[in-house]
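**Student:** Below is a structure I'd like to ask you about.
2 protein chains.
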Amino acid sequence: MKKMIIASTSTIHGSGYLEYLLLTLKSFFADVKTLLFIPYARPSGITYDAYTAIAHKAFSTINIEVKGIHQFKNPKEAILNAEAIFTGGGNTFELVNQLYKNDVLSTLKEVLENGTAYLGTSAGSNICGINMKNTNDMPIVYPPSFTTLGCIPFNINAHYLDPIKGSKHMGETRETRIKEFHVFNDISVLGLREGSWLEVVDNAIYLRGKLTARLFRKNQKPIELKSGVEVLI
Amino acid sequence: MKKMIIASTSTIHGSGYLEYLLLTLKSFFADVKTLLFIPYARPSGITYDAYTAIAHKAFSTINIEVKGIHQFKNPKEAILNAEAIFTGGGNTFELVNQLYKNDVLSTLKEVLENGTAYLGTSAGSNICGINMKNTNDMPIVYPPSFTTLGCIPFNINAHYLDPIKGSKHMGETRETRIKEFHVFNDISVLGLREGSWLEVVDNAIYLRGKLTARLFRKNQKPIELKSGVEVLI
């Protein structure tokens with residue numbers, strides 16, 4: 000019964016917050032009046048209130064009210080009672096840390112499995128995978144575990160970047176990092192470029208947006224998936 | 000009694016492994032005949048043997064023999080008996096994971112505090128700081144802690160990168176990530192560009208190489224340190 004949008008980014012270059020997704024979200028959240036926002040990832044360390052205000056402003060254009068999970072006394076009940084849920088981007092380590100500290104990870108998984116509509120962007124998408132071991136974020140806090148929701152049977156690498164031709168920088172490319180991951184892990188990884196998203200309809204997962212996405216399976220050459228295809232691992 | 004070189008990278012663009020540092024290393028390790036190599040970070044998942052062979056080849060040009068810590072029955076004793084130690088780059092999460100699994104972190108700290116000469120590059124430099132919370136690496140494994148050697152009173156961001164002008168990528172810049180770190184942490188962070196290194200002489204720390212380095216203190220505007228200066232936090 001899953002109904003999820005898992006987006007690489009909230010914002011594409013030269014466009015406002017969630018702007019490129021608004022038409023999709025209008026139809027995806029057609030019956031929704033109030034959205035529960037999870038601001039735990041705090042991009043640039045912004046407060047929960049300020050982050051919730053940004054989400055609220057974007058969703059007000061499609062007549063959806065946004066409430067932050069921090070505005071509820073009991074975050075678990077807020078999730079159980081939510082019409083729909085949106086987890087915004089920021090730092091994945093801090094997001095996962097707070098999901099554990101507030102003891103809501105299993106509750107969130109439960110409602111998503113039961114069909115509560117969900118939008119994730121960036122860090123909010125990384126947590127939909129089996130674990131957060133493919134985030135690009137800096138480990139600024141130490142979460143009690145890297146295990147995440149497992150609502151899809153693979154991991155996400157959000158903001159996927161192709162190697163920059165002619166770069167003189169010697170730090171690892173994204174592809175090298177994912178290959179290192181596969182020395183220690185078997186889980187497949189989908190590199191979602193900015194502007195791509197996944198639509199999850201029960202157990203089927205489709206690639207949306209204009210771009211291709213890069214699928215990394217252990218011990219196999221990475222492949223490019225075309226927009227519109229069902230992602231099969 | 001500390002005597003350490005903490006380098007941003009092993010390799011600069013267009014040059015061989017450790018090549019830009021060899022003259023410095025020849026004088027730094029003047030009396031050293033055998034170097035203990037810690038290959039735990041496994042760049043691209045390379046084996047300990049293959050990685051040790053790369054280090055061995057580079058150091059053979061300055062007449063130093065290299066032995067991998069994995070070639071010893073007791074890694075703790077290998078560290079205690081080492082003439083000098085080199086920890087190579089790769090994945091910081093796996094490096095720290097193995098330092099804990101082999102129970103050698105405190106032993107390594109002890110010998111470095113007592114004057115065993117040390118070279119770190121990239122991940123091998125990140126571990127010299129208080130914790131590994133400023134690594135750029137992907138969290139491909141979950142180490143039991145992010146706490147590292149604390150041989151210097153701040154953290155390192157190796158391979159420091161300035162924002163790329165005109166980039167259309169919406170992922171966070173390095174500076175933004177370090178600012179996020181300072182929302183949750185008080186520790187200062189030194190962004191070391193490729194080609195820069197720190198020379199630690201007892202408790203004095205000097206910036207070496209041709210470039211400036213970027214020092215981030217909590218709630219302060221970052222500053223550029225000139226090559227040659229003592230790094231004061």
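Chains as they are written, first to last, in numbering that gives the first Met the number 0: chain D, 0 to 232; chain Y, 0 to 232.
Even for Gly, the Cβ is constructed at its ideal location relative to N, Cα and C.
Would you list the residues sitting across from Y:A83 in a DSSP beta bridge?
**Tutor:** Y:L34 and Y:A116
**Student:** For Y:P74, which residues from the same chain have a beta carbon less than 7 Å from its beta carbon, with the 5 sequence-adjacent residues on both sides left out?
**Tutor:** If we look at Y:P74 and ignore the five residues flanking it on each side, its Cβ neighbours are I68, N101 and V103.
**Student:** Please name the residue, chosen from Y:P142, Y:H12 and Y:N154, that lies closest to D:H168 on a Cα-to-Cα basis.
**Tutor:** Y:H12
**Student:** Mind pulling the chain Y residues with CB within less than 8 Å of D:K178?
**Tutor:** S43 and G44
**Student:** Under the DSSP definition of a beta bridge, which residues are partnered with Y:M3?
**Tutor:** Y:Y117 and Y:V199
**Student:** Apart from the five residues just before and just after D:L210, which ones in its own chain have a Cβ nearer than 6 Å to its Cβ?
**Tutor:** R192, G194 and S195
**Student:** Is it buried or exposed for D:P143, if we count other Cβ within 10 angstroms and need 16 for buried?
**Tutor:** Per the 10 Å Cβ criterion, exposed.
**Student:** Going by other Cβ atoms of all chains shown within 10 Å of its Cβ, with 16 needed for buried, is Y:I204 buried or exposed?
**Tutor:** The residue in question, Y:I204, is buried, as its Cβ has 16 or more Cβ neighbours within 10 Å.
**Student:** Establish whether the CB of D:H158 and some CB of chain Y are separated by less than 8 Å.
**Tutor:** It does; some Cβ of chain Y falls within 8 Å.
**Student:** Determine, using beta carbons only, whether D:D136 and D:N90 come nearer to each other than 8 Å.
**Tutor:** For the 8 Å CB-CB criterion, D:D136 and D:N90 form a contact.
**Student:** Could you pull out every residue in the same chain whose Cβ sits closer than 6 Å to the Cβ of D:P221, ignoring the five residues on either side in sequence?
**Tutor:** So the qualifying residues of the chain are R213 and F215.
**Student:** Smallest Cα separation from D:V228: which of D:L197, D:N218, D:D161 and D:K217?
**Tutor:** D:L197
**Student:** Measuring CB to CB, does D:G44 end up less than 8 Å from Y:V65?
**Tutor:** no
**Student:** Got a sec: which bits of the segment 131-153 of chain Y sit with their beta carbon under 8 Å from any beta carbon on chain D, in order along the chain?
**Tutor:** Within the segment 131-153 of chain Y, the residues whose Cβ lies closer than 8 Å to some Cβ of chain D are M131, K132, N133, T134, N135, D136, M137, P138, I139, V140, Y141, S144 and F145, listed in chain order.
**Student:** Are the C-beta of D:M3 and some C-beta of chain Y separated by less than 8 Å?
**Tutor:** no
**Student:** For Y:C150 and Y:K217, which I take to be in contact (beta-carbon distance under 8 Å), what is that distance rounded to the nearest angstrom?
**Tutor:** Actually they are not in contact, since the Cβ atoms of Y:C150 and Y:K217 sit about 21 Å apart, beyond 8 Å.
**Student:** Which first and last residues belong to the alpha helix (DSSP H) in which Y:F180 is found?
**Tutor:** R173 to F183
**Student:** Looking only at C-alpha atoms, which of Y:I129, Y:F71 and Y:E82 sits nearest to Y:D30?
**Tutor:** Y:E82
**Student:** For a quick check, are the C-beta atoms of D:I177 and D:I129 less than 8 Å apart?
**Tutor:** no
**Student:** Buried or exposed for Y:I63, going by 16 or more other Cβ atoms inside 10 Å?
**Tutor:** buried
**Student:** Please list the terminal residues of the continuous alpha helix (DSSP H) segment that includes Y:L94.
**Tutor:** Y:L94: member of the alpha helix (DSSP H) spanning T91 to K100, first to last residue.
**Student:** Chain Y partners of D:F183, CB-CB under 8 Å?
**Tutor:** G44, E93, I139 and V140
**Student:** What residue range does the alpha helix (DSSP H) around D:F71 cover?
**Tutor:** Segment: none, D:F71 is in no alpha helix (DSSP H) and carries neither H nor E.
**Student:** Tell me, to the nearest whole angstrom, how far the beta carbon of D:A116 is from that of D:F27; I am working on the premise that it is less than 8 Å.
**Tutor:** 7 Å
**Student:** Could you tell me if D:G208 is buried or exposed, where buried requires 16 or more neighbouring beta carbons within 10 angstroms of its beta carbon?
**Tutor:** Answer is buried; the Cβ neighbour count reaches 16.
**Student:** Which bits of chain D does Y:T8 rub up against, with CB to CB less than 7 Å?
**Tutor:** M169
**Student:** Under 8 Å by Cβ, that's how I've got Y:S124 and Y:I84 pegged, so tell me the actual separation to the nearest angstrom.
**Tutor:** 13 Å between Cβ atoms; not a contact.
**Student:** Excluding sequence positions up to five away, which residues of its chain have a Cβ less than 7 Å from the Cβ of Y:I53?
**Tutor:** Y16
**Student:** Verify the CB distance criterion: does D:N84 have a CB-CB separation below 8 Å to chain Y?
**Tutor:** Residue identity check: residue 84 of chain D is Ile in the sequence provided, not Asn. With 8 Å as the cut-off, D:I84 does not count as an interface residue toward chain Y.
**Student:** Could you name the residues that DSSP lists as bridge partners for Y:N156?
**Tutor:** Y:G190
**Student:** Could you tell me which of Y:S121, Y:I126 and Y:A122 sits nearest to Y:S105, measuring between CA atoms?
**Tutor:** Y:I126
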